[in-house]
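In this text, residue positions in the sequence shown follow our numbering: the first is 158, and each later residue adds one.
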Amino acid sequence: MKNSDLPERTCAVCRSKKTKDQLFRIVEKNGEFIYDREQKIQSRGSYVCRTHECVKRLLKHRKYKMDISELTKMVDDLKKNSKDYMGILNAMKSSQFLTFGINMVFEDIEKVHFLIIAEDISEKNDKKIISKAKEQGIKYIHYGNKNQLGEVFGKAEINVIGVKNKKVARGLME
Ligand SMILES: [Zn+2]
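Listed below in structure tokens is the structure:
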């Protein structure tokens, strides 16, 4: 999807116009603003750039009173996204370094150094993968959704990606 096809919103802090995926949504609740991570809360929302700069300025903004815990969540999400996992995965997809899907990842588990688990994975599968990862001492993150992970390999949905190359794994972890 091209960004130019998406409707734009204005950042409440710096007033620049961006598409929703480049912005955090915040909504007012009982006189204070909260972070609407999923952009789904049924309430009038305001938008703020997904940048450290605008989030920092939001902290001092008089109009948008926000609890520090809400701002922390936004900063955490920024950190998570600061690494371009999708870019790295896309660059690696045709190599032998990646394996995907629960069955294949489990089959190759001895060679796996790092796991990327979809954020919208079912609780049951999440538990299954995490307990396997712990058992094997493999680090993991939750990143993207099943569709996004699937897209990398031209599949509809993927629950988990395993990284079989130590160097690549380290690059993703750091
Ligand atoms: Zn901004």
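C-beta: ideal position from N, C-alpha, C; glycine also.
Endpoints, beta strand (DSSP E) assigned at residue i
i      : result
Leu272 : Phe271 to Ile274
Lys122 : For the chain, the structure presents residues 158 to 331; residue 122 sits outside this window and is missing.
Tyr297 : Lys296 to His299
Those residues which DSSP pairs with residue i across a bridge
i      : result
Tyr151 : Look at the range of the chain in this structure, 158 to 331, and you will see that residue 151 is not part of it.
Glu189 : Lys186
His256 : In the sequence under discussion, the amino acid at residue 256 is Thr, which differs from the His named in the question. Thr256 is bridged to Gly319.
Met223 : Phe190
N-terminal and C-terminal residue of the alpha helix (DSSP H) that residue i is part of
i      : result
Tyr242 : Tyr242 to Met249
Lys289 : Glu280 to Gln293
His218 : Looking at the DSSP string, His218 is not in any alpha helix (DSSP H), and its letter there is neither H nor E.
Open item on the list: Give me the pocket residues for ligand 1, defined as CB within less than 5 Å of any heavy atom, sorted by chain position.
Closed with: Selection output, chain order preserved: Cys168, Val170, Cys171, Cys206 and Cys211.
Task: Every unbroken beta strand (DSSP E) inside the stretch 296-330 [3 residues or more] - done: Segments of the beta strand (DSSP E) lying fully in the stretch 296-330: 296-299 and 317-320.
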